[in-house]
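Let me begin by presenting the structure, written as structure tokens, before commenting on it.
2 protein chains.
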Amino acid sequence: MSAALKQKPVARQWTVAPATEGDWEGIWQIFHDVVQDGDTYSYDESTPEETARQVWVGAGKYGTGCQAFVVKDGEKIVGTYSLKRNHYGRGDHIANAGYMVHKDYRGQGVARSLCVHSLAEAKRQGCISMQFNYVVSTNTAAVEAWQSMGFTIIGVSPKSYRHKQHGLVDIYIMHRFLEDM
Amino acid sequence: MSAALKQKPVARQWTVAPATEGDWEGIWQIFHDVVQDGDTYSYDESTPEETARQVWVGAGKYGTGCQAFVVKDGEKIVGTYSLKRNHYGRGDHIANAGYMVHKDYRGQGVARSLCVHSLAEAKRQGCISMQFNYVVSTNTAAVEAWQSMGFTIIGVSPKSYRHKQHGLVDIYIMHRFLEDM
Numbered sequence: 519m520s521a522a523l524k525q526k527p528v529a530r531q532w533t534v535a536p537a538t539e540g541d542w543e544g545i546w547q548i549f550h551d552v553v554q555d556g557d558t559y560s561y562d563e564s565t566p567e568e569t570a571r572q573v574w575v576g577a578g579k580y581g582t583g584c585q586a587f588v589v590k591d592g593e594k595i596v597g598t599y600s601l602k603r604n605h606y607g608r609g610d611h612i613a614n615a616g617y618m619v620h621k622d623y624r625g626q627g628v629a630r631s632l633c634v635h636s637l638a639e640a641k642r643q644g645c646i647s648m649q650f651n652y653v654v655s656t657n658t659a660a661v662e663a664w665q666s667m668g669f670t671i672i673g674v675s676p677k678s679y680r681h682k683q684h685g686l687v688d689i690y691i692m693h694r695f696l697e698d699m
Numbered sequence: 519m520s521a522a523l524k525q526k527p528v529a530r531q532w533t534v535a536p537a538t539e540g541d542w543e544g545i546w547q548i549f550h551d552v553v554q555d556g557d558t559y560s561y562d563e564s565t566p567e568e569t570a571r572q573v574w575v576g577a578g579k580y581g582t583g584c585q586a587f588v589v590k591d592g593e594k595i596v597g598t599y600s601l602k603r604n605h606y607g608r609g610d611h612i613a614n615a616g617y618m619v620h621k622d623y624r625g626q627g628v629a630r631s632l633c634v635h636s637l638a639e640a641k642r643q644g645c646i647s648m649q650f651n652y653v654v655s656t657n658t659a660a661v662e663a664w665q666s667m668g669f670t671i672i673g674v675s676p677k678s679y680r681h682k683q684h685g686l687v688d689i690y691i692m693h694r695f696l697e698d699m
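Just so you know, the sequences run in chain order F and L. Numbering-wise (my numbering), the first sequence opens with residue 519 and increments by one. Numbering-wise (my numbering), the second sequence opens with residue 519 and increments by one.
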């Protein structure tokens with residue numbers, strides 16, 4: 519048995535980079551596809567491209583700005599995140615991000631690579647923590663992934679999501695500090 | 519001792535009505551004054567009027583719209599609230615509101631009148647609950663007022679507010695259902 523065969527499969531390394539204008543089409547394809555499922559984001563199936571662009575790469579809440587980053591497999595965009603400030607002014611030291619992965623590339627470490635990058639980038643920009651305001655409680659894969667990356671559930675908003683299959687389900691608010699990034 | 523003297527002071531009744539375009543100046547005066555204190559809202563002292571207008575009566579997050587309401591004492595605007603949806607699409611059945619009272623009219627039941635109106639209005643519009651995402655934990659008067667009106671703390675975001683006097687303090691997320699409104 520060769521050494522190569524004995525090795526465990528290694529999670530592929532993904533490179534995360536700031537999105538450029540030309541990346542929008544690939545981001546939108548992922549965004550549009552993800553919201554069809556109606557089980558992870560508040561944006562519904564009919565979300566127009568212009569709204570998606572606004573929430574992913576636009577001015578953000580109160581004009582604090584959204585910055586998009588992407589992971590590519592060759593020329594193909596396979597994952598993206600959008601980084602913003604969770605609040606304006608006296609709350610602008612807290613980051614917020616959303617993540618989306620192309621359906622053909624899930625379970626391959628893309629989301630984790632995006633998240634690690636976003637935490638480091640948020641810290642670099644001076645934020646002290648990252649908060650997710652809107653983790654659908656039935657999305658256990660996401661909840662567990664974020665927990666494994668140091669996030670804790672700091673709040674539960676009851677019945678705040680109309681899940682396409684399950685009806686009204688809870689929303690989790692998750693948080694982690696960035697000191698150790 | 520006359521019957522009149524034995525009576526406890528009765529909280530004044532305030533009438534809440536939708537804001538009109540001409541009300542903006544009075545709203546802005548309260549908004550600008552409130553954010554100077556740096557102890558209740560994330561908008562800081564330098565928040566420009568156009569930003570204030572956007573967050574109070576503008577298109578809102580994702581274009582879901584903000585509606586302002588006012589309380590007047592004669593012609594003078596003494597309190598205002600802004601009602602919006604807490605999320606887009608699959609989360610748009612949850613309401614969110616912000617309240618501000620003129621400094622000369624605090625402790626006179628204006629905030630309570632505004633809140634009662636906002637809960638009824640949110641229910642009328644089809645929302646099942648009201649959520650406050652950003653109650654500064656050191657603002658005990660507000661926390662206790664909301665609790666007395668049926669809100670509970672459903673989450674604590676640590677060190678998420680840069681208080682002008684106290685530095686980094688926690689933010690509470692508060693919530694109540696609207697079934698009984």
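Note that beta-carbon positions come from the ideal geometry of N, C-alpha and C, so glycine has one too.
Mark residue i as exposed unless 16 or more other C-beta atoms lie within 10 angstroms of its C-beta, in which case mark it buried.
i, result
"K594 (chain F)", "exposed"
"Q665 (chain F)", "exposed"
"T558 (chain F)", "buried"
"T598 (chain F)", "buried"
"K682 (chain F)", "exposed"
"R603 (chain L)", "buried"
"G625 (chain F)", "exposed"
What residues from chain F crowd round residue i, counting only those whose CB sits closer than 9 Å?
i, result
"Q665 (chain L)", "Per Cβ cutoff of 9 Å: no residues; Q665 (chain L) is ~16 Å from chain F at best."
"K594 (chain L)", "Near K594 (chain L) there are no residues of chain F at all, since even the closest Cβ is about 27 Å away, more than 9 Å."
"Y652 (chain L)", "H605, G609"
What separation, rounded to the nearest whole angstrom, lies between the Cα atoms of residue i and residue j?
i, j, result
"N657 (chain F)", "R680 (chain F)", "13 Å"
"P566 (chain F)", "G609 (chain L)", "17 Å"
"C645 (chain L)", "E662 (chain L)", "23 Å"
"G576 (chain F)", "D591 (chain F)", "25 Å"
"G668 (chain L)", "D698 (chain L)", "10 Å"
"R642 (chain L)", "Q531 (chain L)", "22 Å"
"G640 (chain L)", "G556 (chain F)", "Before going further, note that residue 640 (chain L) is Ala rather than Gly in the sequence given. The alpha-carbon atoms of A640 (chain L) and G556 (chain F) are separated by roughly 24 Å."
"A659 (chain F)", "H550 (chain L)", "44 Å"
"N726 (chain F)", "F587 (chain F)", "Because chain F spans 519 through 699 in this model, residue 726 (chain F) falls outside it and cannot be assessed."
"V628 (chain L)", "V534 (chain F)", "51 Å"
"L696 (chain F)", "S647 (chain F)", "5 Å"
"I471 (chain L)", "V654 (chain L)", "Here chain L comprises residues numbered 519 to 699, so residue 471 (chain L) is not present and cannot be evaluated."
"M618 (chain F)", "C584 (chain L)", "28 Å"
"E543 (chain F)", "R571 (chain F)", "10 Å"
"S684 (chain F)", "D622 (chain L)", "The displayed chain sequence assigns His, not Ser, to residue 684 (chain F). Rounded to whole angstroms, H684 (chain F) to D622 (chain L) spans 49 Å at the Cα level."
"R630 (chain F)", "W546 (chain F)", "20 Å"
"A522 (chain F)", "V687 (chain L)", "Its pLDDT being 48, under 50, A522 (chain F) is placed unreliably in this model, and the value from its coordinates should be taken loosely. Near 53 Å, if we compare the C-alpha coordinates of V687 (chain L) and A522 (chain F)."
"A615 (chain F)", "Q649 (chain F)", "8 Å"
"A613 (chain F)", "G607 (chain F)", "12 Å"
"V596 (chain L)", "V552 (chain L)", "12 Å"
Compare the beta carbon distance of residue i and residue j with 9 Å and say whether it is the shorter of the two.
i, j, result
"S560 (chain L)", "H605 (chain F)", "yes"
"I689 (chain F)", "H620 (chain F)", "no"
"I672 (chain F)", "S675 (chain L)", "yes"
"S600 (chain L)", "H611 (chain F)", "no"
"V573 (chain L)", "L632 (chain L)", "no"
"Q554 (chain L)", "E563 (chain L)", "yes"
For a contact meaning CB atoms closer than 8 Å, what does residue i contact in chain L?
i, result
"V674 (chain F)", "I672, G673"
"I545 (chain F)", "By Cβ distance, chain L contributes nothing, its closest Cβ being about 17 Å from I545 (chain F), past 8 Å."
Since residue i meets chain L, which of its residues come closer than 7 Å, beta carbon to beta carbon?
i, result
"R680 (chain F)", "R608, H611"
"G556 (chain F)", "R608"
"T565 (chain F)", "G607"
At 9 Å on the CB atoms, spell out the chain L contacts of residue i, in chain order.
i, result
"K677 (chain F)", "H611, I612, I646, S647, F695"
Which chain F residues sit within Cβ distance under 7 Å of residue i?
i, result
"Y561 (chain L)", "Y606, G607"
"I548 (chain L)", "Ordered by position in chain F, no residue passes the 7 Å Cβ test against I548 (chain L), which lies about 17 Å from the chain."
With a threshold of 8 Å, establish whether the CB of residue i neighbours any heavy atom of the ligand FMN.
i, result
"S647 (chain F)", "The ligand FMN is absent from the structure shown, which contains no ligands of any kind."
Pairing CB atoms from the segment 534–549 of chain L with CB atoms from the segment 634–648 of chain F, are three or more of them under 8 Å? no
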